[in-house]
Amino acid sequence: MPRPSNLGTWIDIAKLGMAAGELAPFPYIKGLCGCAVVVLETIEKADKNNEDLLDLADSIGKTIEMVQNTVTEHGESSAVRFRDVCAELEVHLTDLIAKLNSTQRKSRGIKRFLKAKSVSDAINGCQERVRTIKADFGIHTAIDSCFVISDIKDGLRTNTEALTSAVETSQRHTMSNIEKHANDIHEEIRTWGVLQSQKADKLSADVQTLKGRGSYKGSIRNIELGDIYWIEPLASDYCDDAAVLSDYKANIENINEPKIVRVYQHSNERDTMKASSSNSIETSID
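Going by UniProt numbering, the residue at position 102 of the sequence shown is 102; the numbering climbs one at a time, nothing skipped.
So, in structure tokens, the structure goes:
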């Protein structure tokens with residue numbers, strides 16, 4: 001039983017190569033595919049069921065297909081590698097066409113010529129060269145890819161090291177600033193504590209003075225804003241250069257009935273206490 005013929009497929013591939021040959025990256029394949037179409041169509045007319053002729057057609061078709069697929073996949077860089085072998089195969093096919101034209105137009109004569117060992121050897125030689133070039137190109141492509149991957153890894157490693165170094169430098173700078181300002185912060189806290197202690201001592205002395213004058217009644221304590229709710233101010237005529245006593249009627253936190261609250265304010269803190277809404281104030285509750 002004769003094997004299925006691929007002649008129609010090879011002819012279509014060769015014709016497609018002729019059309020694609022008008023464009024980069026392989027314009028030089030146009031002539032080769034044109035010659036292949038002539039030879040393949042001649043084989044089809046001579047005897048498309050002859051095993052030897054089908055082998056010759058397969059060799060030509062596979063060679064062209066191999067070139068087209070490789071160039072299409074890898075682009076112009078691979079096309080240059082096939083230029084010489086395509087030119088060589090085109091020369092063989094052109095010579096074959098010339099000899100076919102000089103052969104008697106008899107099917108038997110053409111078949112005998114196409115089956116000549118020299119013809120098949122020339123075609124097979126070109127096919128082997130194409131196969132070798134394709135294999136070499138695949139190896140080179142793999143090696144190039146390895147180099148590219150290696151370069152990418154080196155770049156990533158360099159960037160990672162640079163980022164790590166930048167983070168470590170930032171951490172050292174931050175810790176240095178913390179250590180540098182820690183003493184300053186500690187000193188500010190200590191100074192604030194001393195000032196508060198001095199204010200407490202001054203308040204105690206002022207209270208003792210007021211006790212001696214009989215200027216207050218009840219208990220002395222610090223009241224946070226929010227613990228006293230002013231109802232209304234009361235008239236007060238007490239004032240000297242050192243302090244001011246202001247009387248208010250107010251509700252006191254945790255005390256059921258309104259109280260008269262006398263607010264003591266040192267003269268040099270008067271404006272500050274009037275403007276402040278967050279500091280505690282010293283009061284005398286009557």
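The beta carbon of each residue, even a glycine, is placed where N, CA and C say it ideally should be. For clarity, every value in this text was computed on a predicted model and none was experimentally measured.
Outcome for residue i when other beta-carbon atoms lying within 10 angstroms are tallied against a minimum of 16
{"i": "I185", "result": "exposed"}
{"i": "I152", "result": "exposed"}
{"i": "T70", "result": "buried"}
{"i": "W230", "result": "exposed"}
{"i": "I189", "result": "exposed"}
{"i": "R172", "result": "exposed"}
{"i": "V194", "result": "exposed"}
{"i": "T209", "result": "exposed"}
{"i": "T72", "result": "exposed"}
{"i": "R83", "result": "exposed"}
{"i": "R157", "result": "exposed"}
{"i": "T174", "result": "exposed"}
{"i": "T191", "result": "exposed"}
{"i": "T164", "result": "exposed"}
Residue i, DSSP secondary structure in three states
{"i": "D247", "result": "strand"}
{"i": "N232", "result": "Position check: residue 232 holds Glu in this sequence, whereas Asn was assumed. In the structure shown, E232 sits in a strand (DSSP, three-state: E or B)."}
{"i": "I64", "result": "helix"}
{"i": "I252", "result": "strand"}
{"i": "A242", "result": "For A242, the pLDDT reaches just 46, beneath the cut-off of 50, and the residue's location in the model is therefore unreliable, leaving the point undetermined."}
Contacting residues, own chain, Cβ-Cβ under 8 Å from residue i (five flanking each side not counted)
{"i": "residue 297", "result": "Residue 297 cannot be examined here, being either before or after the span of the chain that is shown, 1 to 286."}
{"i": "R129", "result": "V85, E88"}
{"i": "T169", "result": "none"}
{"i": "A182", "result": "none"}
{"i": "A205", "result": "none"}
{"i": "E232", "result": "Y248, K249"}
{"i": "E187", "result": "none"}
Residue i: CB within 6 Å of a non-hydrogen atom of the ligand HEM
{"i": "T70", "result": "Of the ligands one can find in the structure shown there are none, so the ligand HEM has no counterpart to examine."}
Close beta carbons around residue i, own chain, < 6 Å, minus the five adjacent residues each side
{"i": "A116", "result": "none"}
{"i": "D227", "result": "E253"}
{"i": "E65", "result": "I13"}
{"i": "E44", "result": "L7"}
{"i": "T272", "result": "Residue confidence is low: T272 scores 44 on pLDDT, short of 50, so the model does not pin down where it sits. Its coordinate-derived value is still stated next. Contacts found: none."}
{"i": "S120", "result": "L56"}
{"i": "N251", "result": "Y229, P258"}
{"i": "S197", "result": "none"}
{"i": "N177", "result": "none"}
{"i": "residue 287", "result": "The structure shown does not extend to residue 287, since the chain is modelled only from 1 to 286, so the question has no answer here."}
Contact belief for residue i with residue j at Cβ below 8 Å, rounded distance in angstroms
{"i": "H92", "j": "A46", "result": "About 18 Å separates the two Cβ atoms, so there is no contact after all."}
{"i": "N124", "j": "D58", "result": "The pair is not a contact, with the Cβ atoms about 10 Å apart (cut-off 8 Å)."}
{"i": "T63", "j": "L100", "result": "19 Å between Cβ atoms; not a contact."}
{"i": "residue 337", "j": "D247", "result": "Summary: the structure shown does not reach residue 337, with the chain confined to residues 1 through 286, and so no result is reported for it."}
{"i": "I97", "j": "G61", "result": "About 16 Å; that fails the 8 Å criterion."}
{"i": "L40", "j": "I11", "result": "5 Å"}
{"i": "C35", "j": "T132", "result": "Actually they are not in contact, since the Cβ atoms of C35 and T132 sit about 22 Å apart, beyond 8 Å."}
Same chain, Cβ closer than 7 Å to residue i, neighbours up to 5 away in sequence not counted
{"i": "I29", "result": "G17, G21, V67, C86"}
{"i": "V167", "result": "none"}
{"i": "R112", "result": "none"}
{"i": "L234", "result": "D247, Y248, K249, I260"}
{"i": "T160", "result": "none"}
{"i": "K180", "result": "none"}
Any C-beta of chain D under 7 Å from that of residue i
{"i": "A14", "result": "Checking the listed chains, one finds no chain D in this structure; it contains a single protein chain."}
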